[in-house]
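Asker:
There are 2 protein chains.
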Amino acid sequence: MNTACIIAIGNELLNGQRVDTNSSWIQTQLLSLGIQTVGASVVPDETDRIITAFQAASELVDVLIITGGLGPTDDDLTRDALAQFLDKPLELREDLLREIEQFFEGRGLKMASTNLVQAYLPTGAKALPNSKGTAPGIYAQKEGKLYFCLPGVPSEMKTMYSEYVHPELAIHPDRGVVLMSKVCCFGMGESVIAEKLGDMMKRGRNPLINSTAHIGEVALHIIAAADNEAQARRMIETDRELVCGLLGEAVYGFDDQTLPEVVGTLLKENRLKLAVAESCTGGLLAEMVTGIPGSSEYFLAGWVTYSNQAKVRDLGVSPELIEKYGAVSEPVARALAEGAAHASGADIAVGITGIAGPEGGSGKKPVGLVYIGLFFKGKTEVQEFRFSPVGREAVRRRAALTALNWVRLKLRV
Amino acid sequence: MNTACIIAIGNELLNGQRVDTNSSWIQTQLLSLGIQTVGASVVPDETDRIITAFQAASELVDVLIITGGLGPTDDDLTRDALAQFLDKPLELREDLLREIEQFFEGRGLKMASTNLVQAYLPTGAKALPNSKGTAPGIYAQKEGKLYFCLPGVPSEMKTMYSEYVHPELAIHPDRGVVLMSKVCCFGMGESVIAEKLGDMMKRGRNPLINSTAHIGEVALHIIAAADNEAQARRMIETDRELVCGLLGEAVYGFDDQTLPEVVGTLLKENRLKLAVAESCTGGLLAEMVTGIPGSSEYFLAGWVTYSNQAKVRDLGVSPELIEKYGAVSEPVARALAEGAAHASGADIAVGITGIAGPEGGSGKKPVGLVYIGLFFKGKTEVQEFRFSPVGREAVRRRAALTALNWVRLKLRV
Numbered sequence: 000m001n002t003a004c005i006i007a008i009g010n011e012l013l014n015g016q017r018v019d020t021n022s023s024w025i026q027t028q029l030l031s032l033g034i035q036t037v038g039a040s041v042v043p044d045e046t047d048r049i050i051t052a053f054q055a056a057s058e059l060v061d062v063l064i065i066t067g068g069l070g071p072t073d074d075d076l077t078r079d080a081l082a083q084f085l086d087k088p089l090e091l092r093e094d095l096l097r098e099i100e101q102f103f104e105g106r107g108l109k110m111a112s113t114n115l116v117q118a119y120l121p122t123g124a125k126a127l128p129n130s131k132g133t134a135p136g137i138y139a140q141k142e143g144k145l146y147f148c149l150p151g152v153p154s155e156m157k158t159m160y161s162e163y164v165h166p167e168l169a170i171h172p173d174r175g176v177v178l179m180s181k182v183c184c185f186g187m188g189e190s191v192i193a194e195k196l197g198d199m200m201k202r203g204r205n206p207l208i209n210s211t212a213h214i215g216e217v218a219l220h221i222i223a224a225a226d227n228e229a230q231a232r233r234m235i236e237t238d239r240e241l242v243c244g245l246l247g248e249a250v251y252g253f254d255d256q257t258l259p260e261v262v263g264t265l266l267k268e269n270r271l272k273l274a275v276a277e278s279c280t281g282g283l284l285a286e287m288v289t290g291i292p293g294s295s296e297y298f299l300a301g302w303v304t305y306s307n308q309a310k311v312r313d314l315g316v317s318p319e320l321i322e323k324y325g326a327v328s329e330p331v332a333r334a335l336a337e338g339a340a341h342a343s344g345a346d347i348a349v350g351i352t353g354i355a356g357p358e359g360g361s362g363k364k365p366v367g368l369v370y371i372g373l374f375f376k377g378k379t380e381v382q383e384f385r386f387s388p389v390g391r392e393a394v395r396r397r398a399a400l401t402a403l404n405w406v407r408l409k410l411r412v
Numbered sequence: 000m001n002t003a004c005i006i007a008i009g010n011e012l013l014n015g016q017r018v019d020t021n022s023s024w025i026q027t028q029l030l031s032l033g034i035q036t037v038g039a040s041v042v043p044d045e046t047d048r049i050i051t052a053f054q055a056a057s058e059l060v061d062v063l064i065i066t067g068g069l070g071p072t073d074d075d076l077t078r079d080a081l082a083q084f085l086d087k088p089l090e091l092r093e094d095l096l097r098e099i100e101q102f103f104e105g106r107g108l109k110m111a112s113t114n115l116v117q118a119y120l121p122t123g124a125k126a127l128p129n130s131k132g133t134a135p136g137i138y139a140q141k142e143g144k145l146y147f148c149l150p151g152v153p154s155e156m157k158t159m160y161s162e163y164v165h166p167e168l169a170i171h172p173d174r175g176v177v178l179m180s181k182v183c184c185f186g187m188g189e190s191v192i193a194e195k196l197g198d199m200m201k202r203g204r205n206p207l208i209n210s211t212a213h214i215g216e217v218a219l220h221i222i223a224a225a226d227n228e229a230q231a232r233r234m235i236e237t238d239r240e241l242v243c244g245l246l247g248e249a250v251y252g253f254d255d256q257t258l259p260e261v262v263g264t265l266l267k268e269n270r271l272k273l274a275v276a277e278s279c280t281g282g283l284l285a286e287m288v289t290g291i292p293g294s295s296e297y298f299l300a301g302w303v304t305y306s307n308q309a310k311v312r313d314l315g316v317s318p319e320l321i322e323k324y325g326a327v328s329e330p331v332a333r334a335l336a337e338g339a340a341h342a343s344g345a346d347i348a349v350g351i352t353g354i355a356g357p358e359g360g361s362g363k364k365p366v367g368l369v370y371i372g373l374f375f376k377g378k379t380e381v382q383e384f385r386f387s388p389v390g391r392e393a394v395r396r397r398a399a400l401t402a403l404n405w406v407r408l409k410l411r412v
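Protein sequences appear in the order of chains A and B.
For the first sequence, numbering that gives the first Met the number 0 begins at 0 and goes up steadily by one.
For the second sequence, numbering that gives the first Met the number 0 begins at 0 and goes up steadily by one.
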């Protein structure tokens, strides 16, 4: 059980409608068990092609992970293809039928007759319960190879994989281990990071370190191969410390940690309350902060003061200030932060005003210009940023993350 | 020249480091020429596996598009594999060598000796110039099949494809055209839609109609194959009308339209101003609305009244109401909508309060319970929703979209 192939099924993955993100996620999971993915393919909704893909992959690897094609419609053919490939007839499983009916009843709905087909499995195969949808997964074996059929919907697939597939694959202890850990950075460019890390990022090194960048955030992946988990974990630990030493405060977290989560923890630890006043980010910063479960403990209130009247009326920004300096200006960012702190009684407050684009820029105030005000301990600071005008969403996201990162740096001891 | 396979080469696409977005982009391009992608695979940096993939795909299709493995390092093996597959030796092409040297000179750099290998091509193959990097692409033919090897870096690949591959493939005029259009629906489940459309969604029909679902939204893809563009367009037009007739107000838009965009257009057309008061969605609704360029024309203000104090202080929700019914209740949703309308002077205002989870639910008020209030023309209506408690993000997203959709239905004539 050392090698795997991933087969994604669906015409929508072959005509440019949808990018298959499932395979990449599964690869990472398998790798953490020491299972290397040595092939991945996308196959259309055609029974023959699916069977051919099963055959080709089963000659190559021990484990096949199949996603998609388990839905209730005519072009969901994974069930049929697997039955033909295994040479086992499909049989109605009354227990599955009841579960699917219950899924609909729980939502006050009646099961459509088309869903009946989802209660059929090849004889001898095991059903994998789907806690997020109607399509059960399928687990079958043939000549020592394992076949896991999972739904194509990412949230359903991930839950089913984590609950049933991963534990099943984890019970083979004779395998080497590959562990991966992520170091999350903000506020330092990818090439600067590469320079600072130098030889640590050389190819062929173990652990291997590589980086990916996305709108201001850089993720460093540390991938360690070892005989056992403890050893791999130690190697990662050592590298993490070295990386943190070299990159300093640019490192904000590890693995799945996010900036909103890290900032939330800092606010909780320091028993501080946050409020935000947003213009150009339009609620994005509040949305990021409140996306964290339990954020009501430290987030008091947010204002999306999109119109000038709202800035004046709700946060006491003086109309003269807006008149004199414009809504996108250092004094208005300051007034927004102070207004939010004052109105909510928060300990720390952010004000953001800027030009997200694509329209609304000028020579003096181009798209990407953003002012962020930060009120903390009775003092307000303002910083000016000129983000690349690469798109409304990117400018807004970068502004919100930059504000969060600033809060993090303030609260960091 | 009607079918294609895409082969992506690289270990980084098999260990979870990178998602292959090239294939999806190429699929769309090919489809616009009437070429269907009937298979896609990811292959590791191993010569034998690459050759096997070439063989398998060449038995299936007319055109192979290969990305990646053209770099200068030891694990860039596409060149070797293609030469072996074609049974043609690699030969040094002096003209390519000069171009690569010039690429470096133009940047004030000296060519590293490792780049020499990029000047080699299988005998008889054509080089595809790379205006964005050092690796030339390769165009070869064997037994009537076409092989295009392109770089893996998306920007280089896209430029090379557009400059050389697309024009080359476009000169076969005997081929039909395939066009795709999307019908965007909200508020009706995938299986209900399938039942209503009935035979229209049968496999093998032309146009082909299939569906994908994501958190309350269902997209129907209408794919029409015809001899020429005008004919394909007419077929899509006819089907769109049929679909709209069958699904009624569940259809909110077409192709790349989004709910926030459609609602924005309706608000603009009706010269109405919007305000929102959010509790559980925490700014997500405001963020969606203001994500649309020009939204300042119709969006006045948003409140993220996360704490009870904020609801009382900023929007005049009576503390007795919260005390008596709880913050998540019909009367509080009503008071939030009315408070937002009152405070901002908006014509239409939304109030949302609910339990996004994962904590905070109870028997009477489970996770997923959401009340949405809608103020319009002096009247306020409230609806109760019980969304599947499948995750904080999904509950929040569904609540925000449901509110937007309600605004759409109100403004729809």
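All residues carry an ideal CB built from backbone N, CA and C; glycine is no exception.
Check whether chain C comes within 8 Å of B:Asp75, counting only Cβ atoms and requiring the distance to be less than that.
Answerer: The question asks about chain C, but that chain is absent: this structure's protein chains are A and B.
Asker: Quick one: what's got a C-beta closer than 7 Å to A:Met156's C-beta in the same chain, skipping five residues either side?
Answerer: Numbered from its first residue, the first sequence carries residue 156 of chain A at position 157. Hits under 7 Å: Asn21, Thr66, Leu149, Pro150.
Asker: Check whether chain B comes within 8 Å of A:Asp255, counting only Cβ atoms and requiring the distance to be less than that.
Answerer: On the first sequence, residue 255 of chain A is found 256 positions in, with the first residue counted as 1. For A:Asp255, the answer is no, since every Cβ of chain B falls outside 8 Å of its Cβ.
Asker: Within a Cβ cutoff of 8 Å, which residues of the same chain sit near A:Asp44, ignoring the five residues on either side of it in sequence?
Answerer: In the first sequence, counting from the first residue as 1, residue 44 of chain A sits at position 45. Once the five neighbours on either side are set aside, the close Cβ partners of A:Asp44 are Ile8, Gly9, Asn10, Gly68, Asp74, Asp75, Leu76.
Asker: Name the DSSP bridge partner or partners of B:Pro121?
Answerer: Against the second sequence, residue 121 of chain B aligns to sequence position 122. Bridge partners of B:Pro121: B:Leu89.
Asker: Kindly indicate if chain A contains any beta-carbon less than 8 Å away from that of B:Arg396.
Answerer: Residue 396 of chain B sits at position 397 when you count from the first residue of the second sequence. No, no contact with chain A.
Asker: What are the start and end residues of the alpha helix (DSSP H) that includes A:Lys157?
Answerer: Sequence index remark: in the first sequence, residue 157 of chain A carries index 158 (1-based). Run containing A:Lys157: 153-159, per the alpha helix (DSSP H) assignment.
Asker: Identify, in the order they occur along the chain, each residue of the same chain with its Cβ nearer than 8 Å to the Cβ of A:Arg239, setting aside the five sequence neighbours on each side.
Answerer: Here residue 239 of chain A refers to the residue found at position 240 when the first sequence is read from its first residue. These residues qualify, in order along the chain: Ser180, Val182, Ile221, Phe253.
Asker: Give the secondary structure of A:Phe386 by DSSP, where H, G and I count as helix, E and B as strand, and everything else as coil.
Answerer: Locating residue 386 of chain A in the first sequence gives position 387, where the first residue counts as 1. Of the three classes helix, strand and coil, the one that applies to A:Phe386 here is coil, per DSSP.
Asker: Is the Cβ of B:Tyr305 closer than 8 Å to any Cβ of chain A?
Answerer: For this step, residue 305 of chain B is matched to residue 306 along the second sequence. Yes, because at least one Cβ of chain A sits closer than 8 Å to the Cβ of B:Tyr305.
Asker: Are at least three pairs of beta-carbons, each pair with one atom in the region 266-278 of chain A and one in the region 296-314 of chain A, less than 8 Å apart?
Answerer: Yes: the two stretches touch, three or more of their Cβ pairs being nearer than 8 Å.
Asker: For a test of the three-state rule: what should DSSP assign to B:Asn423, helix, strand or coil?
Answerer: This structure does not reach residue 423 of chain B, given that chain B is present from 0 up to 412, and the question cannot be answered.
Asker: Using three-state DSSP, classify B:Arg345 as helix, strand or coil.
Answerer: Residue mapping note: residue 345 of chain B aligns to position 346 of the second sequence, counting from 1. As written in the sequence, residue 345 of chain B is Ala, which differs from the Arg given in the question. It is coil, neither helix nor strand.
Asker: Pair every Cβ in the region 326-340 of chain A with every Cβ in the region 364-374 of chain A, then say whether three or more of these pairs are closer than 8 Å.
Answerer: Counting Cβ pairs under 8 Å, three or more are found: they touch.
Asker: Excluding sequence positions up to five away, which residues of its chain have a Cβ less than 8 Å from the Cβ of A:Ser343?
Answerer: As a working mapping, residue 343 of chain A is identified with position 344 in the first sequence. Only Lys272, Ala274, Leu299, Ala300 meet the Cβ criterion.
Asker: If we define contact as Cβ-Cβ less than 8 Å, is A:Ser361 a contact residue for chain B?
Answerer: Reading the first sequence from its first residue, position 362 is the one you call residue 361 of chain A. With 8 Å as the cut-off, A:Ser361 does not count as an interface residue toward chain B.
Asker: If the cut is a Cβ gap below 7 Å, which residues of chain A does B:Asn205 touch?
Answerer: In the second sequence, residue 205 of chain B corresponds to position 206, counting from 1. Here the premise fails: no neighbours, minimum Cβ distance about 14 Å.
Asker: So, does the region 90-100 of chain B touch the region 159-178 of chain B, judging by three or more C-beta pairs under 8 Å?
Answerer: The region 90-100 of chain B, when compared against the region 159-178 of chain B, does not touch it at the 8 Å Cβ threshold.
Asker: Using the C-alpha atoms, what's the distance from A:Ile6 back to A:Val288?
Answerer: Looking up residue 288 of chain A in the first sequence gives position 289. Looking up residue 6 of chain A in the first sequence gives position 7. Roughly 37 Å between the two C-alpha positions.
Asker: Quick check on B:Arg397: buried or exposed, where buried means 16 or more other Cβ atoms within 10 Å of its Cβ?
Answerer: Counting from 1 along the second sequence, the entry for residue 397 of chain B is found at position 398. Flag for B:Arg397 reads buried.
Asker: Please check if any C-beta of chain A sits within less than 8 Å of the C-beta of B:Ser154.
Answerer: Taking the first residue of the second sequence as 1, we reach residue 154 of chain B at position 155. No, B:Ser154 does not count as interfacial toward chain A.
Asker: Between the Cα of A:Arg270 and those of A:Gly282, A:Gly293, A:Tyr297, spot the shortest distance and give me the residue it belongs to.
Answerer: Here residue 270 of chain A refers to the residue found at position 271 when the first sequence is read from its first residue. Considering only alpha carbons, the answer is A:Tyr297.
Asker: To the nearest angstrom, how far is it from the Cα of A:Glu194 to the Cα of A:Ala212?
Answerer: In the first sequence, residue 194 of chain A corresponds to position 195, counting from 1. In the first sequence, residue 212 of chain A corresponds to position 213, counting from 1. So the alpha carbons of these two residues sit roughly 15 Å apart.
Asker: When Cβ atoms are compared, which residues of the region 125-156 of chain A fall closer than 8 Å to chain B?
Answerer: Correct list: Lys131, Val152, Ser154.
Asker: Below 8 Å on the Cβ atoms is my guess for A:Pro388 versus A:Val394; work out the distance and round it to an integer in Å.
Answerer: Counting from one through the first sequence, the residue named residue 388 of chain A turns up at place 389. Counting from one through the first sequence, the residue named residue 394 of chain A turns up at place 395. Going by Cβ atoms, the distance from A:Pro388 to A:Val394 rounds to 7 Å, so yes, they are a contact pair.
Asker: Is it true that the CB of B:Val406 sits closer than 8 Å to the CB of B:Val349?
Answerer: As a working note, residue 349 of chain B is residue 350 in the second sequence. As a working note, residue 406 of chain B is residue 407 in the second sequence. Cβ atoms of B:Val349 and B:Val406: closer than 8 Å.
Asker: Please state the DSSP three-state secondary structure of A:Leu69.
Answerer: For this step, residue 69 of chain A is matched to residue 70 along the first sequence. The answer is coil: DSSP assigns A:Leu69 none of H, G, I, E or B.
Asker: What residues in its chain sit with their C-beta under 8 Å from that of B:Glu228, if we drop five residues either side in the sequence?
Answerer: Numbered from its first residue, the second sequence carries residue 228 of chain B at position 229. Closer than 8 Å at the Cβ level, and outside the excluded window around B:Glu228, lie Val176, Leu178.
Asker: Under 9 Å, CB to CB, which of the residues in the region 338-372 of chain B have a partner in chain A?
Answerer: The residues in question are Ala342, Ser343, Gly344, Ala355, Gly356, Pro357, Glu358, Gly359.
Asker: Flag this pair as yes or no: are the beta carbons of B:Pro121 and B:Ala80 separated by less than 8 Å?
Answerer: Walking along the second sequence from the start, residue 121 of chain B turns up at place 122. Walking along the second sequence from the start, residue 80 of chain B turns up at place 81. Not a contact, by the Cβ cut-off of 8 Å.
Asker: DSSP on A:Leu145, reduced to helix/strand/coil?
Answerer: Residue mapping note: residue 145 of chain A aligns to position 146 of the first sequence, counting from 1. Note: A:Leu145 maps to strand in three-state DSSP.
Asker: Counting only the same chain and skipping the five closest in sequence on each side, list residues whose C-beta sits under 7 Å from that of A:Gly186.
Answerer: One-based indexing of the first sequence puts residue 186 of chain A at position 187. Excluding positions up to five away in sequence, the list reads Ala249, Asn404.
Asker: Start and end of the beta strand (DSSP E) containing B:Ala111?
Answerer: Here residue 111 of chain B is taken as the residue at index 112 of the second sequence, counted from 1. Per DSSP, B:Ala111 belongs to no beta strand (DSSP E) and is neither H nor E.
Asker: Find the residues of chain A that neighbour B:Thr211, judging by a C-beta separation of less than 8 Å, and give them in chain order.
Answerer: On the second sequence, position 212 is the one that residue 211 of chain B refers to. By Cβ distance, chain A contributes Glu11, Gln16, Arg17.
Asker: So, with DSSP's three-state summary, where would you put A:Gln140?
Answerer: For this step, residue 140 of chain A is matched to residue 141 along the first sequence. In this structure, A:Gln140 counts as strand in the three-state DSSP scheme.
Asker: Taking only beta carbons into account, state which residues of the region 292-324 of chain A come closer than 8 Å to chain B, listed in chain order.
Answerer: Answer in chain order: Pro292, Gly293, Ser294, Ser295, Phe298, Leu299, Ala300, Gly301, Trp302, Val303, Thr304, Tyr305, Ser306, Gln308, Ala309, Arg312, Asp313.
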